[in-house]
Structure formats: structure tokens, C-alpha cells
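According to our numbering, the stretch in the sequence shown is residues 1248 to 1732, in order. This report refers to the structure that appears directly beneath it.
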Amino acid sequence: MRAYVIRRLLIMIPTFVGISLVLFLVLNLAPGRPGAAQQGTDLAADIRGERTQESYRIFREQFHLDKPVLFNTRFALDAGEVGDAVRTAAGVVPASAADRIRAQEQLENFGYYAVPHLVEVVREADAAGAQRVRDVAAYFLRLNARRPLVDPFDPDPSPALKARNRAIDLENARVRELRYSLEDPEERKREVVAAWTAWYEERRADWEYDRFDVLRILTLETRFAAYWRNLLRLDFGVSLVSREPVVTTLLHKVRYSLSLSVTSLLLAYLISIPLGIYSAVFKDTRSDRSLTVSLFMLYSLPSFFAATLLLYFFSSGSDYESLRVFPTGGWRSRDAMAMTSLQQIRDVAWHLALPVLCLTYGSLAALSRYMRTGLLDVIRSDYVRTARAKGLSEWRVIGKHAVRNGLLPILTLLGGLLPAILGGSVIIEYIFGIPGMGLWVVESIYQRDYNAIMAIQLFSTLLVLFGLLLTDLSYALVDPRIRYE
């Protein structure tokens, strides 16, 4: 058994990496971009120093949205590609406003790799008298020549890291000084162009890549690599919307969904298993048919409709005073902090009674039918007939010999039901005002909060993988014929 569990855990590692890759590609290749509403459109204002796009640029750099998704081939940029983007952004070639914005963003995303070509464009445009192209190229050159700090959020940086970041700060300060205003005289602008040429000649070797540099840039300087570097430190990043750590929000939300969904799941199994046994033992009797009809009627009743009816009749806002038993919603009462621990538990249970009921009744029909079908197959087995022939009572035959093997179909569903703990029920959480995972998932999707969605889906993936392992192990517990040796 131990060897089997170890093998399964080892298999989970590449499976988890593969699923994370698929999720990452789906999220990053989907239409739309997070934070696009912050993007400015006035490039001339930016060149003058008004910084209409600065917040959006910082936003993209902070969340690595300026990097390629999976493979980085920007080391192979050519002067023609960069020059075309500069001329489009400058508006000297026919292009729509959307094309100019895309060209501006493309030039920003090229980053440090475009510096040699931007220097060439600046010099050629200055020599040819193309002032607009020169000014735009000089503006992007000043942006792209800045180097990012190394691990700037390290709470305890080493002396070597401090020294390296100080050197980068000094270099970036020099780069920021190599600028001019559109109103400056031509002599000043040419001085800056000459200063850029001298600066580049000092650092020309920075853009001479060997094979190891190419391999590193190709695979490690990407969004996926940056995400996994954080993931290995159990850092899911910061929410693109709330700017709070995703793990903090996840741990805050999951307790609501755990309390709601786990209670519903356990209650559904505790009710469904006896109902399925009863239906299998009294197969095709009037009570079996009545039970089946009743369960499927409940199954066909929409949960949002049942929730509305329960709130209307049995909540504190009901028109019938004698039926005002449960609260109208929420997680706990306003004065819960003044209660004792036992009173707080009772208060939370009181608030969860109606939501749990709405989440539970719909699954009773399916789970009880699976239990009934599994038990019927077992009852017809030879060893059950042998137990009856030995003179054992019917309930002993069913309870001791048949039920354990009949649990296999219903245990198979357990691995797929575990992710429901994470997602909860969006509708039920909304109707009863429970701030759980369900609402957070929907809000994150609408707001394109990539980090939050990835954290939620990866957590769901872990639940599925461990749920499947738990299902396999439970087979050996209920069926003595199954051994993992």
C-alpha cells in the first residue's frame, strides 16, 4: 500500500505541472487583457512627461504581462521590426488608432532586447531629419533601457543582492537623465542622441548572446516561468483587482465554502446510502416506487426556486410570524463576537441550515440511485446466496456482506465531488449572502483576475488528484478483494 501511494504521489507531480500549463495557456491566450482600462492613448503627452500611460505600464510589469506567454524569442529582434513599430506609433505611416496603441505596447514589451535597434533608429532618424520618428524612438529607448531590480521584494536581501540593485539604480538614474522635451532646441536633442550613442557603445556586449543566454531567455524569461518561480515558493501572487495576496483571500473565502459544501456532502451521503439500501432490499415495491418518485421530484426542483421559497416561508422576514425560524442570510449574527464558542457554533449552524438543505436535496436522487444499483449487483452474487444458505438473517447478509461491496459506485463519485468543496454554489451563496468561493470565482472571471483564477483552479486540481487517490484507497477498505501490492 505504501509503495502504491508513493507512486501515485510521484505521478501527481507531472500531472499537476501539465494541468497548470494548460490552465495558464487558456487564461493568457483568451481574448481581452486585464487592466486595459488604465491604458492611456496620448503618446505625445507621455513624451512631454505627463505620464498618461505610466500606471498601465507599471501594472503590466508588476504582473509580468509584458513578457511572452511560453517562449521568449525577443533576442532575435531585427531593426526592421522595431523600426516599423516606431513609425506606426509615431503616426508617420497610415494606421488606425488601435494599430498605433498596439505598436506602442509592442515597443514597451520588447524591453531591453530592443535597445540596440532603437539606438539605430534614433541615429538614422536624426541624420535624416525625421524628427517625429526620432522623438518617439528616444522616448521608448529611455523606457526600455531601464533594467529591473533583482528580487526587489526580498525581505532579507544579501549584501551581494543589495550591491547589485544599487548598481542597477545608478544606471537607471543615468538613463532617466538622457531625455529631452519636445520644446527643447535641436542642439539639445542632438546632444541627447550623441549621449545615447556613447551609452550604448559602452554596453554593446550586453546584447551579444551565446547559446546559454539564448536558452535562458527562450525558456526562463516568460510569464509561465515567472509564475512557476513564485509557485515553487507557494506564492500565488497578488490579485490584479484588489492588490491583496491571493493566498490570503483564498484562505479567507475557503472556510465559508468548506463549512457549506462539506456539510452538504456528508449529509447527502449519510442520507443517500440508507435510502439506496432500502430501495435495493425492497426493489419494485410500492415504497420503492414512492421513494424514487419523491427523490426525482426533489431533483427536478431548481435550487434557486427552493431557496426563494424557504426564505419566504421560514426566514425571519416571513409574512407568517409562527414560521420565522431561520435568518434571512449571512454567515453569522451581528453580535456573534459577544457569544461564547458554543453559541457561535450554534449561530453559524442556524445560518447554514437553509443553504445546506438547498445544496443537499438535489443530490439525494443521484447518489441513492447509484447506491441502489451497486447493491442490486452485489445481492445477486454467489457469496450473498451462500450467506443466506448458511442461515444468516437478511439484514446481517445485507449489512455485513453486501453493503461494503455495493459502496464502490458511490465511492467513485467522491473524487469528482471534492472540487465542489472549492466552488460551492454560486446561486446559493448569492441568495443567502454567503461570501464563499463561488462568488469569488465568478467575480475573478469577469474582472480577468488571472492570479486569482489560477490559484482557484490549481487548488481545484489538487482536490481532484487527492480525491482520486482517496477513492482508490477507499476501494481497498470496503472491498477485501482489492489490494494495492
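For glycine and all other residues, C-beta sits at the position ideal for the given N, C-alpha and C.
Query: Go to V1333, then tell me how far its alpha helix (DSSP H) extends in each direction, as first and last residue.; Result: 1326-1337
Query: Cα-Cα, which of E1568, A1585, L1558, S1588 is closest to P1733?; Result: Coverage of the chain is limited to positions 1248 through 1732, which leaves residue 1733 absent and any answer about it impossible.
Query: What's the C-alpha gap between V1631 and L1724?; Result: 19 Å
Query: Below 6 Å CB to CB, which residues in the same chain sit around S1562 once its five sequence neighbours on both sides are set aside?; Result: F1573, T1575
Query: CB-CB under 7 Å to L1365, same chain, minus the five flanking residues each way: which ones, in chain order?; Result: V1329, A1384, F1387, L1388, N1391
Query: The alpha helix (DSSP H) that contains S1534, what's its start and end?; Result: 1533-1547
Query: If N1319 sits next to L1465, beta carbons under 8 Å apart, how far is it from one beta carbon to the other, in whole angstroms?; Result: 6 Å
Query: Taking the Cβ atom as the reference point for each residue, do V1540 and Q1694 lie within a distance shorter than 8 Å?; Result: no
Query: Got a sec, what are the start and stop residues for the alpha helix (DSSP H) Y1474 sits in?; Result: 1470-1479
Query: Pull the bridge partners of S1562 from the DSSP assignment, please.; Result: F1573
Query: Just curious, the alpha helix (DSSP H) that F1679 is in, first and last residue?; Result: 1673-1679
Query: Applying the 10 Å Cβ sphere with the 16-neighbour rule, what's the burial state of K1314?; Result: buried
Query: What does V1485 pair with, by DSSP beta-bridge criteria?; Result: P1492
Query: Find out if the Cβ-Cβ distance for the pair S1615, L1556 is shorter than 8 Å.; Result: no
Query: Terminal residues of the continuous alpha helix (DSSP H) containing L1712?; Result: 1697-1725
Query: With a Cβ-Cβ cutoff of 8 Å, do F1552 and I1678 count as a contact?; Result: no
Query: In terms of alpha-carbon separation, which member of I1626, A1375, V1339 lies closest to L1654?; Result: I1626
Query: Taking DSSP as the reference, what is the three-state secondary structure of G1376?; Result: coil
Query: Are the beta-carbon atoms of R1379 and V1340 separated by less than 8 Å?; Result: no
Query: So what's R1451 in DSSP terms, helix, strand or just coil?; Result: helix
Query: Alpha carbon to alpha carbon, how far is Y1617 from L1660?; Result: 9 Å
Query: With distance defined between alpha-carbon atoms, name the residue in R1255, Y1427, R1619 nearest to R1536.; Result: R1619
Query: Do the stretch 1587-1606 and the stretch 1501-1510 touch if we need at least three Cβ pairs shorter than 8 Å?; Result: yes
Query: Do the stretch 1685-1702 and the stretch 1577-1589 touch if we need at least three Cβ pairs shorter than 8 Å?; Result: no
Query: For D1382, does the count of other Cβ atoms within 10 angstroms reach 16, so buried, or fall short, so exposed?; Result: buried
Query: When you compare each of L1611, Y1546, S1547, A1441 to I1239 by their alpha carbons, which one comes out closest?; Result: Because the chain in this structure spans residues 1248 to 1732, residue 1239 falls outside the shown range and cannot be described.
Query: Measure the CB-CB distance between R1426 and V1439 and report whether it falls below 8 Å.; Result: yes
Query: Answer yes or no: do N1698 and V1501 have a C-beta to C-beta separation smaller than 8 Å?; Result: no
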